[in-house]
Amino acid sequence: MPAPAYRPAHCAAVVAHMATGASLTSFAAEAGVSRATVDGWIADHPDFAAAVELGKAKCAAWWEDVHRRIATDGGKTGSVQACALGLRNMAAQDWGERADAGAAAGDIARAIEDGNRRVMGDA
Numbered sequence: 001m002p003a004p005a006y007r008p009a010h011c012a013a014v015v016a017h018m019a020t021g022a023s024l025t026s027f028a029a030e031a032g033v034s035r036a037t038v039d040g041w042i043a044d045h046p047d048f049a050a051a052v053e054l055g056k057a058k059c060a061a062w063w064e065d066v067h068r069r070i071a072t073d074g075g076k077t078g079s080v081q082a083c084a085l086g087l088r089n090m091a092a093q094d095w096g097e098r099a100d101a102g103a104a105a106g107d108i109a110r111a112i113e114d115g116n117r118r119v120m121g122d123a
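Mapping the sequence shown onto my numbering, position 108 (from 1) lands on 108, and the numbers just tick up by one.
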């Protein structure tokens with residue numbers, strides 16, 4: 001059975017779906033297609049690609065709202081971890097893991113030390 005074809009109505013549908021914190025893959029399931037099909041729609045239909053970007057932003061906003069509620073009201077066991085995972089996966093630009101600043105500082109300190117040894121003739 002062939003996958004359902006892209007329709008312009010998918011634009012509003014993907015935004016609405018992702019605004020509830022849901023993933024693009026779960027949208028694919030709701031639309032009755034594979035994630036690969038949705039990826040093809042993104043590549044072939046600029047309007048859908050823009051809708052997906054908006055959906056991702058709304059999804060991140062949903063997860064941030066959950067995060068704020070947990071921070072102010074508390075959460076059940078595992079809710080903090082689940083929320084953190086949602087934020088890292090759905091808003092990695094803002095919530096992804098960062099390189100350890102201490103490691104970078106250590107690298108800089110070693111470079112300065114090495115430079116000082118070369119200047120002083122100890123290297």
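Beta carbons: idealized from backbone N, C-alpha and C, even for Gly.
Contact between H67 and Y6 does not hold, since their C-beta atoms are separated by about 33 angstroms, which reaches or exceeds 8 angstroms.
Straight-line measurement puts the Cα of G86 at about 13 angstroms from the Cα of L24.
With contact defined as three or more Cβ pairs closer than 8 angstroms, the region 33-43 and the region 69-86 are not in contact. Taking W41 as the centre and dropping the five residues before and after it, the same chain places the C-beta of Y6, F48 closer than 6 angstroms to its C-beta, in chain order. Taking a C-beta distance under 8 angstroms as the contact criterion, M90 and A60 qualify as a contact pair. Shortest Cα-Cα distance from P4 to any of A92, D94, R69, A31 involves A31. Between K58 and A19, the gap from beta carbon to beta carbon is short of 8 angstroms. V80 and I70 have their alpha carbons spaced roughly 7 angstroms apart.
Spanning the alpha carbons of R88 and E97 requires a straight line of approximately 7 angstroms.
Between the alpha carbons of S26 and V33 lies a gap of roughly 10 angstroms. In the structure shown, V80 falls within a helical segment according to DSSP collapsed to helix, strand and coil.
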